[in-house]
Structure formats: structure tokens, C-alpha cells
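Peer 1:
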Amino acid sequence: MRFGKLFLFAVIVAALVLLPYLSGRFTRTMVSEILIFALFALSIEVIYGHTGMLSFGQAGFFGVGAYSVALTIIHANAGIATALMASVVSSAAIAVLVAAFAVHLRGHYFALVTIVMGLILYYAATGWRSLTNAEDGLSFSRPLLFDSYSLSEPLVSYYFVLAIFLAVFFLVRFLLLSPLGRIFRAIRENEDRVRYLGYDVVLLKVLSFAISGALAGFSGGMFALFSAYANTEFLHWTLSGEPVMWSIVGGIGSIYGPIIGTALLLYLREGLSSYLIHVYPIIVGTIIIATIIFFPGGLAGAIKTRVAHVMAKRASGK
Amino acid sequence: MAETLVFQLLNAMVWSWVLALLALGLTLVFGYLDIVNVAHGALYAIGAAVSWWIIQATGAPLGGFLLSLVVAPIVVALIGIVAFQTTLRPIEKQPPIYTLITTFGLFFVLQHALFLIFGGAPRSVDLPVATLIPLLDRTYPLYRILMACGAAAIIAGLWYVLHHSTYGTWIRAVQQNRDVATAMGIPARQVTLVVFAAGCGLAGLAGVLAAPVLQVRYDMGIDIIIDAFIVVIAAGFGNILGTIIVALIYQLVQGVMVMMVTPVQGKVLALSLVLAWVLIRRKGLLEREKRR
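If you're matching them up, the sequences are chains L and P in order.
Just so you know, we're using numbering that gives the first Met the number 0 here: the first sequence kicks off at 0 and counts up by one.
Just so you know, we're using numbering that gives the first Met the number 0 here: the second sequence kicks off at 0 and counts up by one.
(1) Can you confirm whether residue 285 of chain L, when its beta carbon is compared against all beta carbons of chain P, has any partner nearer than 8 Å?
(2) Taking only beta carbons into account, state which residues of the stretch 112–123 of chain L come closer than 8 Å to chain P, listed in chain order.
(3) With three or more C-beta pairs closer than 8 Å as the rule, is the stretch 175–186 of chain P touching the stretch 7–21 of chain P?
(4) What residue does the beta strand (DSSP E) around residue 132 of chain P start on, and which one ends it?
(5) For a test of the three-state rule: what should DSSP assign to residue 138 of chain L, helix, strand or coil?
(6) Using a Cβ cut-off of 8 Å, which residues of the stretch 41–69 of chain L contact any Cβ in chain P, in chain order?
(7) State yes or no: is the beta carbon of residue 12 of chain L nearer than 8 Å to at least one beta carbon in chain P?
(8) For residue 144 of chain L, which of helix, strand or coil comes out of DSSP?
(9) By how many angstroms is the C-alpha of residue 235 of chain P removed from the C-alpha of residue 285 of chain P?
(10) I want to verify the contact list: residues of chain P whose CB lies under 7 Å from the CB of residue 291 of chain L, in sequence order.
(11) Quick check: is the beta carbon of residue 3 of chain P nearer than 8 Å to any beta carbon in chain L?
(12) Which complete alpha helix (DSSP H) runs does the stretch 200–273 of chain P hold, if anything under 4 residues is left out?
(13) Taking CB distances under 8 Å as the criterion, tell me whether residue 208 of chain L reaches chain P.
(14) For residue 35 of chain P, return the contacting residues in chain L, with the cut-off set at a CB-CB distance below 9 Å.
(15) Using 8 Å as the cut-off, can you tell me whether the stretch 67–81 of chain L makes contact with the stretch 232–242 of chain L, which would need three or more C-beta pairs spanning the two stretches below that distance?
(16) Could you please tell me which residues of the stretch 125–142 of chain L, in chain order, have their CB closer than 8 Å to any CB of chain P?
(17) Taking residue 232 of chain L as the reference, give the member of L:133, L:113, L:78 with the closest Cα.
(18) If we call anything under 8 Å between Cβ atoms a contact, is residue 268 of chain P one with residue 258 of chain P?
(19) So residue 27 of chain P and residue 194 of chain P are in contact, right, with Cβ under 8 Å, and what is the actual spacing, rounded?
(20) Please check the pair residue 345 of chain L and residue 248 of chain L, which I expect to be a contact at CB under 8 Å, by giving their CB distance rounded to whole angstroms.
(21) Against chain L, does residue 292 of chain P count as a neighbour if the rule is that its beta carbon must be under 8 Å from one of theirs?
(22) What is the residue span of the beta strand (DSSP E) that residue 138 of chain P lies within?
(23) Are the stretch 288–302 of chain L and the stretch 42–61 of chain L touching by the rule of at least three beta carbon pairs closer than 8 Å?
(24) Just by C-beta distance, which residues in the stretch 61–92 of chain P are closer than 7 Å to chain L?
(25) Quick one: any contact between the stretch 68–82 of chain P and the stretch 214–233 of chain P, if contact means 3 or more CB pairs under 8 Å?
(26) Threshold first: 3 residues or longer. Then list the beta strand (DSSP E) segments lying entirely within the stretch 125–199 of chain P, N to C.
(27) If the criterion is Cβ atoms closer than 8 Å, does the pair residue 75 of chain P and residue 45 of chain P meet it?
(28) Can you give me the C-alpha to C-alpha distance between residue 21 of chain L and residue 81 of chain L, rounded to a whole angstrom?
(29) Would you mind listing the beta strand (DSSP E) stretches within the stretch 27–69 of chain L that are 3+ residues and don't spill past its ends, in chain order?
(30) At a CB-CB cut-off below 9 Å, which residues of chain L make contact with residue 13 of chain P?
(31) Taking its Cβ as the centre, do 16 or more other Cβ atoms sit within 10 Å of residue 137 of chain P, making it buried, or is it exposed?
(32) Following the continuous alpha helix (DSSP H) through residue 26 of chain P, name the residue where it begins and the one where it ends.
(33) Taking the beta carbon of residue 203 of chain P as the centre, do at least 16 other beta carbons fall within 10 Å, making it buried, or is it exposed?
(34) Taking its Cβ as the centre, do 16 or more other Cβ atoms sit within 10 Å of residue 246 of chain P, making it buried, or is it exposed?
(35) Which residues in the same chain as residue 158 of chain P place their Cβ atom closer than 7 Å to its Cβ, once the five residues preceding and following it in sequence are excluded?
(36) Output yes if chain L places a C-beta closer than 8 Å to the C-beta of residue 151 of chain P; else output no.
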């Protein structure tokens, strides 16, 4: 089983590495976007999948991250690493600020406060036109990677995104498998017991929200770098729902679920949106409702039960 | 300047009743069913669209409008019933937070289904009552005053039903303890369905009332639903009086601030105040302390 998993993983990574040589520009761009948005979806996995607090304001972080990259590059001539760091720091700082108050709220109230937070960021960004240029947005020219590679080169851009994705994926995986991730899951299951064990639940929840916010901000920064552009639609509340939906469809509570869900739904969107722009949301809405009703564990959960079922059958057959 | 202020305040007071009506639908469904209905804005748009169709079909601004006041909420409530039975009933036993995700999916489905039927172009509805009242050298449309009165009457009726009728007692009983209520012979399943349908119907009604003032668009619910949510959060869920007061304060504050800062800045200020209020109090304004 362990070997099988590793093998599958190696095949997927190999396919991703070889992809530019096997397919055209359309697929390459789509896969890049999927990888960036998968990080956005992982931010939901941290805060909701593991810690059990649903955030509906992630677009606020995404947009703040995107603008951090755009503004540091435009106004401070920052390099890529500095710009990305700025996106992480700024979004994590906002997350800490909000979480310091909001983590006391439970269930719906936390979700609603995150919605309001996202809205404040959105309206602040649209109102501060001199800084953000509102819905017209900011275009910028990207600095060179390691002072020598241009992100306008398709291959550079693709491998940059892939490398960053893999690095962040393993970082998040490490984090969630670590004792810290285990405590997050314990909070999700029973917050009071964790408190009785002597853990500072408030601090841990703030930390979880900060990690989630940083991840969302980072994905926003990556998206801004990838498209050399940022506008205030990046902060809109309807975008906040997207990573939640991707994660639910893919399967919450597993680090692979949100990635699978993102890939699936974005693939669907690319396939449909060119001529059926208003049919796509109807299909996605239906998929999300059907998932909640029939597969609460999402696709990853369904696969897991299926595999376990087959294994059990094989074991008992022998 | 003073004249503008008067009109701003008048507009705010009038509009706050429509907002309160919309927010009441939300607060009813959350307070009594533990469902945050994100699709509420889409239902409001559907109500407005149905009203437009009826007025077009009948060709009579007033007659069609009055007809749509009856028909549109029923249509929207029926959509709500179908949505509830197919999407929310099956997850009744799941954690309540799931309903937020489900209704987000519903919001997508309903809003874009409306686009496919209604089209993307904004359409306007003629004022059912074209009379203008002279006021301070200017005129004010009588319809807006009537609209506010209508919304207030509906809210009063809702309050009466909830607190002074047998069915209202049932609704409150089911909210307090569903199992005991069922044991007492109250049809809890039916009650929850009726509450949800009523909440949706209120969204439809608000849509009909707002249609002649605003333009009817398939996505007209996106912005106002946010205001409604803000009102509901600040007022505390399931609280009728609080909802009315907060809607009024929210609109008045925005109306006055629009004269000093840009509308967007006004919104940021208003939102920040609400957020600070909720975070400090950790509860809605006027919310009864005992509510669980």
C-alpha cells in the first residue's frame, strides 16, 4: 500500500514534469492555474478540514497577497522572493488580527465574521482607487527569476509554478502530519478536551487561521505573478466560496482531496466556460450539493472507502 | 445641503424597510432552522424578475404589480420548498455548517438559471403609482412611501403570526426543542418546511417591492444580500425588532456618510463598525441572552 501510493505519486509528478513536452499552451496554462489554485484550496484544508472552522473570507487573503506582489514590484522594485514573502506576511498579519477576536466565535458566527472581514477588505480595496486601481487593476512587468530567467517564457513560468507547488505541498503535508496538525484535528473533534489537556486552544486556532491566511495570500501572490496582474475582483466574496467548493468536492480532511477537487472543477470550467459561461455555475452548484448529500467525504473520501472495501474483500478472500 | 440631507434621510428610512424585510427572511431561516441561506439574494432577484414578467404580460403597471405581490412570493416559496426538500432535508442530521455550503451551491444554480431564462440585460419596471409628492421645492415619489408602508405591514403581520397564532407557537416550540415538540404532536417536519418557504417568500416579496425602484437584473441580489447579512449579524438571529432597528440605523448611517465620504468608504466604515460590535459583544444587538 505504502509502495503503491509512492509509485502513484511518482507517476503524477513525472507526468507534470513532462507535461509541457506532451501538450500545448492551453493545457499548460490550465495546469499552472490548477496548481496555484490548489494551494488556495489547501488553505481551506488547514482551517476547515483540520481545525474545523469554516472560513468564507479567503478571497480577502488571496487579493491581499496578489496586491502585495503587485505593489512591492511596482513601488519597491522587489524581486520575486521578496514580493512573495510580502504576500505571506501581509495576509498572515491580517489573519492574526481578525482571528485574535474571531476564534472565540463558533460555527456559523465564525464563518459569518470571515465573510464580513472579506467584504471589508474588498470594499477597502475598491475604495482605495489610487492604490489598487479598483476593477481596472494593476499590470506590472515581472522581475527576473534568479536575475536571469524571465517568467514570460512559458517553460520557465510552468516549472516555476510546479516547483513552488511541490515545495509548498510538502511543507503543508509535513505541517499537517506533525503533532501540530494532530492538535488541529483534535480541536476539530473536541475543542474542550484539548483545552482540558492544557493546550492553549485560542492560540492554536489563531495559528491555524494565520497559516490558512498565509497560504491563501501566497496563492494570490503566485496568481498575480503568473498573470502579471492584480485587480479587486480577486477579493470578491464569490471567490471566497470557490476554494470551499473545490475542497468539499475533492474531499475535506485529506490533503489530496482539495487538490483533486480543484483540478476537477477547474478542468470542467475550462472545458465549459468558453461557450457555456452561465451553465458552468449551475453544474458546479449541482455537483457541490450532490457531493454534500451523497459523498460527504468528497471524492477522496469515496475513493478511500472504495479502496478499503476492495482491500477488505481481498483479505477475507485469501 | 440641508435639503439633500432630508432626502438622504428619507431615502434611508424608506429603503431600510425593504432591507429589513429581506433580512427578516434570512433571520427567520437562521433563527428557527439553523440554516444560513446564501441563496436568499438569488430568491430576491427571482421575485423581482417574476414581477417584471407579470407586469409585462398584463400590460398594467398597477394591476400587474398588485398581482405580482401575490404571485411572486408564492413562486419563490415554491422554489424554496423544492430546494429545501431536495437539498437541505437530506442533510438535516449533518453539522449545520454544511447548510452554508449547500445554499452557496443553490445560489449558483438559481442565479445562473435566472440568467438563462431572464437574460443578462437590466430591465426597468414602471412605478405602479406614478404620483409625486411635492416636498421642499422638490418632489418625492409616492410609491416609495407606499413601499415602506407595505414592507412594514408585512413585517407586522409576520410578528403577529409568530407570537399570537397557534402556528407561530408551533414554530417557536420546534425551535426550542424539536424532539419534545414532536412528542407533543406538532408536525415538526412540516413546520420547518413552512418556515423555510416563508423565509424564501419574504425574499420574493422584497424583490417585488424593490423592482420599481431599482433595475431588475439576474445578479441584483449579490450586493443587497450582503447588506441583509450585515443587518442580521448585527441584530442577532431570529430577532424581529432588532432587525428593524439595525436596518434603520445601518441605512441612516450610510445615507449620512455618503454626503461626507464616497459610498464605498461609507460601506467600509459601516462594516467595520458591525464587525467590531460583533467581536466585542460576541452577540447580536438586542439578542436575548438566553437564546441557545
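Virtual Cβ for every residue (Gly too), placed ideally from N, Cα, C.
Only a predicted model underlies this, so the values are computations on that prediction, with no experimental measurement involved.
Peer 2: Reading from the atomic positions:
(1) Closer than 8 Å: yes.
(2) Residues passing the 8 Å Cβ filter: 112, 114, 115, 116, 118, 119, 122, 123.
(3) no
(4) Here the beta strand (DSSP E) through residue 132 of chain P covers 131–134.
(5) strand
(6) Using a CB distance below 8 Å, the part of the stretch 41–69 of chain L facing chain P consists of 53, 55, ordered along the chain.
(7) no
(8) It is a strand residue.
(9) With a pLDDT of only 41 at residue 285 of chain P, under 50, the local geometry of the prediction cannot be trusted, and no value is derived from it.
(10) 90, 97, 100, 101
(11) no
(12) Correct list: 220–234, 239–257.
(13) no
(14) 107, 110, 111
(15) No, because fewer than three Cβ pairs between the stretch 67–81 of chain L and the stretch 232–242 of chain L fall closer than 8 Å, the two stretches do not touch.
(16) 125, 126
(17) The candidate whose alpha carbon is nearest that of residue 232 of chain L is L:133.
(18) no
(19) 6 Å
(20) Given that chain L is displayed from residue 0 to residue 317, the structure contains no residue 345 of chain L and the question cannot be resolved.
(21) Because chain P in this structure spans residues 0 to 291, residue 292 of chain P falls outside the shown range and cannot be described.
(22) 137–140
(23) no
(24) 86, 89, 90
(25) no
(26) 131–134, 137–140
(27) yes
(28) The alpha-carbon atoms of residue 21 of chain L and residue 81 of chain L are separated by roughly 33 Å.
(29) DSSP runs (the beta strand (DSSP E)) wholly in the stretch 27–69 of chain L: none.
(30) The premise fails here: residue 13 of chain P is roughly 23 Å from chain L at the closest Cβ pair, so nothing lies under 9 Å.
(31) exposed
(32) 1–32
(33) The residue in question, residue 203 of chain P, is buried, as its Cβ has 16 or more Cβ neighbours within 10 Å.
(34) The residue in question, residue 246 of chain P, is buried, as its Cβ has 16 or more Cβ neighbours within 10 Å.
(35) Excluding sequence neighbours, residue 158 of chain P sits near 239.
(36) no
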